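Residue numbers (the working numbering): 89 to 482.
For each residue, glycine too, the CB sits at the ideal point set by N, CA and C.
Fair warning: this is a prediction, and the values are worked out from it, not measured in the lab.
Report on the structure given below.
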Amino acid sequence: MLTLNEHQQSAPVQLTVGQQEMLRELFRASISPAVDGNVRVTPGARVGAVVLGGDHIVVEPKVSLPRIVHMLTVAAHPMDWRTAEVSGLRANTIEDAVVQLFARSCQRAFAAGVYRSYRTEEQRLSFVRGRIRMSDYIRDPRPLPIPVTATVHDEDVAENQVLAAAVRKLRLLPGLPSGTRSELTRIWQVVGETTPLGAEAALERCRRIVWSRHNSHYRAAVRLAELILSSLSLEVAAGQVQVPGFILDMPGIVEQYIRVLVREALGASDQDMRDSWKGALWLDEGHAVQLIPDLGLRRAGRWHFVGDVKYKVNAGAEEDAGSGRRDDLYQLLAYVTETGLDEGTLIYAGDRAGEVVHTVRGTGARLRVVTVDLSSADCDGQVKRAVATSQLLG
């Protein structure tokens, strides 16, 4: 097994050209030549494990595994199950931790009732149930079977189909402990008979789920399933080769983690503070240059908060000063200008905590640069206090 570290150059290792290409694609790795035909690998901000050319390759994160699990539980929502789901979880790898977390959230959802709902289905029956499909019946006028469109009430619904798709992928992971595999089997026994979906189809189905009081107990499990389906068996652009493994995109995880905390601090709903503001802000009147802030709170057409999140566990000289990178500050200023706010907040998530406020000449706009320490048990509090301070200053 080859073990690499996020944002850290490795010792010289021997890899095939194909393995090098895969590491560039999957982990955004940079690769430099070393002696005797070996190479040095520096992974980017993706962590996890894959099997490449028969070799098990692991990229370990800079943030500790317990902290990553905590961020995942926060990102997956809702507040009341975080402590219960994480307590007692024993795992040595990212993939095992995520699978255990997913299994627990599924069992919690099923304990509140396996979700069933109404759906329409085309059938051919020996009796009439529902509505006869006259066009099909005219084309094939045999007495039996009769083509009908019927309404059925069962568990073959999007929520269960998405969970099944995630389990189907997870069962392919190498190296999972037998106890973890048994947990997956128990989930499969509940959802395994639903209509099978591929990863892309399941992800699309995820995005179309409408949450209500009837299915809200599934929300955490479905969110984790969405993360899993996005991370497993990534299709590499070069040759569209499917690679068994599990990969987490750390900037995406951290962004969603902080977004959920900011929502809580501001008392915002998912609609007030969306996961994406794509199509809502433009730099120019011709709508050619789009602005997409990571964090934005808008109610009744009026903006109340705007900000951005940057994952910076490998801070450079500019970040060491805590003042923020120029490009990041220019981007934040564009958000503040377009939203008409007096202030914007740039959150650097890394390995230290602090805050600097820049006042823009001529406009008086405040650009707050907040750094939070992902390794700290108080990281949640650091984020929430920063947002609360922003609201007081505003």
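Assuming residue i is part of the alpha helix (DSSP H), what are its boundary residues?
i, result
"Gly106", "105-115"
"Leu336", "From DSSP, Leu336 is part of no alpha helix (DSSP H) but of the beta strand (DSSP E) over 333-337."
"Glu247", "246-258"
"Val146", "Here Val146 belongs to no alpha helix (DSSP H); instead the beta strand (DSSP E) covers 143-148."
"Pro121", "Pro121 -> not in any alpha helix (DSSP H); beta strand (DSSP E) instead, spanning 118-121."
"Leu315", "307-319"
"Thr161", "153-163"
"Leu90", "Segment 90-93 is the beta strand (DSSP E) holding Leu90; no alpha helix (DSSP H) there."
"Arg196", "182-199"
Out of the options, point me to the one whose CA is closest to residue i's CA.
i, options, result
"Val424", "Ser411, Ala453, Gln102", "Ala453"
"Gly263", "Asp382, Ile145, Leu383, Ala133", "Ile145"
"Asp358", "Leu260, Ala164, Leu285, Val127", "Ala164"
"Ala252", "Ala474, Gly395, Glu314", "Glu314"
"Leu371", "Asp363, Ile380, Ser364", "Ile380"
"Glu243", "Ser98, Arg207, Thr459, Ala422", "Arg207"
"Gly442", "Tyr345, Arg311, Val460, Val377", "Val460"
"Thr283", "Asn248, Cys294, Lys257", "Asn248"
"Val162", "Asp124, Ser120, Arg196, Val342", "Val342"
"Leu189", "Gln108, Leu455, Val310", "Val310"
"His241", "Arg274, Ser205, Arg362", "Ser205"
"Arg390", "Glu281, Thr427, Leu160", "Thr427"
"Ala290", "Val278, Arg274, Leu312, Thr273", "Leu312"
"Val475", "Leu369, Ala197, Val448, Thr433", "Thr433"
"Val123", "Gln102, Met110, Arg274", "Gln102"
"Leu260", "Ala99, Arg295, Leu317", "Leu317"
"Cys83", "Leu421, Ser463, Arg274", "The question about residue 83 has no answer here: the residues shown for the chain are numbered 89 through 482."
"Gly280", "Arg295, Val245, Ile297", "Val245"
"Asp415", "Ala368, Leu455, Thr451", "Leu455"
"Thr447", "Leu421, Lys472, Val471", "Leu421"
The beta strand (DSSP E) with residue i in it runs from where to where?
i, result
"Arg134", "134-140"
"His392", "390-399"
"Leu462", "Taken as a continuous stretch (DSSP letters only), Leu462 belongs to no beta strand (DSSP E), as it is neither H nor E."
"Val127", "127-130"
Residue i and residue j look like a contact to me (Cβ under 8 Å); what is the Cβ gap, rounded to whole Å?
i, j, result
"Arg134", "Leu336", "7 Å"
"Trp502", "Val255", "Residue 502 falls outside the range modelled here, since the chain spans only 89 to 482, and no answer is possible."
"Phe519", "Leu354", "Missing from the structure shown is residue 519; the chain here goes from 89 to 482 and no further."
"Ala137", "Glu94", "Actually they are not in contact, since the Cβ atoms of Ala137 and Glu94 sit about 13 Å apart, beyond 8 Å."
"Gln508", "Asp396", "Any property of residue 508 remains undetermined from this structure, which presents the chain solely from 89 to 482."
"Leu92", "Pro131", "5 Å"
"Val457", "Ser411", "6 Å"
"Val202", "Val278", "6 Å"
"Ile127", "Gln108", "Residue 127 is actually Val in this sequence, not Ile. Contact flag correct, Cβ pair sits at about 6 Å."
*Count the CB pairs spanning the region 452-469 and the region 434-442 that are closer than 8 Å, and state whether there are at least three.*
Judged by pairs of C-beta atoms under 8 Å, the region 452-469 touches the region 434-442, as three or more such pairs exist.
*Say whether the region 373-386 touches the region 339-352, bearing in mind that this needs 3 or more beta-carbon pairs closer than 8 Å, one atom from each stretch.*
Cβ pair count under 8 Å is three or more, so yes.
*Those runs of the beta strand (DSSP E) which lie wholly inside the region 405-456 and span at least 3 residues*: Complete beta strand (DSSP E) runs here, min 3: 431-447.
*Does the count of Cβ pairs from the region 394-402 and the region 295-306 closer than 8 Å reach three?*
No, because fewer than three Cβ pairs between the region 394-402 and the region 295-306 fall closer than 8 Å, the two stretches do not touch.
*Mind pulling the alpha helix (DSSP H) runs of 4 or more residues that sit fully within the region 264-295?*
The qualifying runs are 266-279.
*How do the region 108-118 and the region 153-163 stand: do at least 3 beta-carbon pairs fall below 8 Å, yes or no?*
As far as the Cβ criterion goes, the region 108-118 does not touch the region 153-163, which means the pair count is below three.
*asked:* Under 8 Å, with one C-beta from each stretch per pair, do the region 265-274 and the region 291-302 reach the 3-pair mark?
replied: Using a C-beta cut-off of 8 Å, the region 265-274 makes no contact with the region 291-302, since fewer than three inter-stretch Cβ pairs fall below that distance.
*Enumerate, from N- to C-terminal direction, the unbroken alpha helix (DSSP H) stretches of 4 or more residues contained entirely within the region 344-392.*
Here no run is fully enclosed.
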